[in-house]
Ligand SMILES: [Zn+2]
């Protein structure tokens with residue numbers, strides 16, 4: 439995959455085209471001969487791909503490099519206006535947008551107020567408009583080269599968007615989302631692709647966050663579980679460096695696992711006793727309100743736990759314990775290198791400590807031996823990093839598909 443963490447060290451399994459872009463942008467290779475040597479593939483293969491990338495406007499070739507006994511090679515470089523992608527992570531009341539260049543480097547990031555409840559057309563139109571605005575001043579400077587012509591504007595090559603609900607990645611449609619009125623069955627991918635004229639990928643927000651965490655972690659990991667514990671609970675699984683979506687895209691949906699401690703509490707899914715009903719931010723809000731405390735959002739919970747209010751801290755700790763119990767089964771089964779804890783609740787030490795102690799207590803020693811259990815390190819940017827890398831990989835897998843028309 440092209441989703442390697444460091445552009446200078448592309449994963450061996452990444453498509454040749456992605457690795458060419460990464461090597462050239464990192465300055466590791468500056469000629470076709472360098473590339474053939476670095477990649478260990480036939481010069482004719484390299485030449486074919488380089489020509490594609492030049493035709494597509496991603497690379498250019500000029501000047502003359504140093505001779506190593508023969509004709510002086512022409513120098514390759516990433517075109518300053520060679521392109522960028524737009525990554526979007528849509529939450530309930532806001533969207534985080536980011537521009538990323540084709541080497542996977544994050545450029546400008548912006549959070550904009552967008553209401554999911556306004557329906558898909560309003561929300562997606564706002565994302566396109568804000569995205570274009572975000573790219574206008576910054577894309578040239580984020581495009582890996584500092585010698586961009588003033589005012590140079592890089593081309594939009596692709597869009598990836600994470601949505602807070604179940605997504606059919608094959609059709610790019612939202613499937614029976616719980617908190618996205620008007621979105622059920624809406625063709626998000628086609629709607630955006632028609633208007634933007636570039637490839638569009640749509641995925642679940644936690645899947646993209648899991649990709650972002652996995653590939654941003656400073657040490658190379660092969661298998662990881664990322665949990666987002668906020669108002670709701672979601673998780674994503676990366677196995678052997680690839681996102682595992684499952685047969686129907688529901689992989690990682692631990693929130694509706696039945697736990698005995700939840701008894702018969704009704705859940706948003708229509709069943710009883712789901713993990714979500716006792717371990718989510720929304721569940722903590724409900725329990726605190728039942729105790730007569732004035733809290734309405736998960737942010738209130740986080741703030742009051744930060745002030746070490748005993749009633750709040752107790753519930754936060756219990757939520758971590760319940761989540762940890764369910765995670766034990768997952769971690770024993772998957773045997774990951776790392777568990778990344780994200781979402782608002784994971785900013786609270788008592789929550790993280792509870793999850794961690796449950797995992798150490800409930801998992802086989804061989805499973806926890808080298809297991810990293812850590813707070814998500816990329817913070818709120820994880821979703822757009824994952825989205826951006828996914829679509830960059832998609833775009834570079836077929837540069838011929840976005841040949842510059844002018
Ligand atoms: Zn449920």
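Residue numbers (my numbering): 439 to 844. Here a beta-carbon is modelled for each residue, glycine too, at the ideal position from N, C-alpha and C. Given the structure is predicted, the values throughout are model-derived calculations rather than measurements.
Contact between residue 765 and residue 805 fails: their C-beta atoms lie close to 11 angstroms from each other, not under 8 angstroms.
A direct Cα-to-Cα measurement between residue 522 and residue 592 gives close to 6 angstroms. Sequence-distant Cβ neighbours of residue 670 in its own chain, meaning closer than 7 angstroms and more than five residues away, are 693, 714, 718, 720. Straight across, the Cα-Cα distance linking residue 750 with residue 779 is about 20 angstroms.
Using a C-beta cut-off of 8 angstroms, the segment 639 to 652 makes contact with the segment 661 to 676, since at least three inter-stretch Cβ pairs fall below that distance. In the three-state reduction of the DSSP assignment, residue 645 falls in the helix class, which pools H, G and I. Of the other Cβ atoms in all chains shown, 16 or more fall within 10 Å of the Cβ of residue 601; this residue is therefore buried.
Judged by beta-carbon spacing, residue 516 lies beyond the 8 angstroms limit of residue 526, meaning their Cβ atoms are not closer than that value. In the structure shown, residue 534 adopts extended strand secondary structure according to DSSP, grouped into three states. In this structure, residue 706 has its CB closer than 7 angstroms to one or more heavy atoms of ligand 1. Of the candidates 746, 615, 610, 471, the residue whose Cα lies closest to the Cα of residue 604 is 615.
Between residue 697 and residue 712, the alpha-carbon positions lie close to 6 angstroms from each other. Here DSSP, grouped into helix, strand and coil, assigns residue 559 to helix. Here residue 455 is buried. Its C-beta has 16 or more other C-beta atoms within 10 Å. By the Cβ-count criterion, residue 459 is buried, with 16 or more other Cβ atoms from all chains shown falling within 10 Å of its own Cβ. For residue 778, there is no enclosing alpha helix (DSSP H); the enclosing beta strand (DSSP E) covers residues 776 to 780.
For residue 748, the enclosing alpha helix (DSSP H) covers residues 748 to 772.
Taken atom to atom, the span from the alpha-carbon of residue 702 to that of residue 817 is near 34 angstroms. For residue 493, the enclosing alpha helix (DSSP H) has its first and last residue at 481 to 493. A residue is called buried once 16 or more other Cβ atoms fall within 10 Å of its Cβ, and residue 760 is buried on that count. Under the three-state reduction of DSSP output, residue 539 falls in the strand class.
Inter-segment contact for the segment 555 to 570 and the segment 617 to 630 is present: three or more beta-carbon pairs are separated by less than 8 angstroms. Of the candidates 611, 617, 493, 611 places its Cα closest to the Cα of residue 638. Rounded to the nearest angstrom, the gap between the Cα atoms of residue 625 and residue 746 is 45 angstroms. Assignment of residue 799 by DSSP, reduced to helix, strand and coil, places it in the helix class.
Under the 10 Å beta carbon count, residue 708 is surrounded by fewer than 16 other beta carbons and is classified as exposed.
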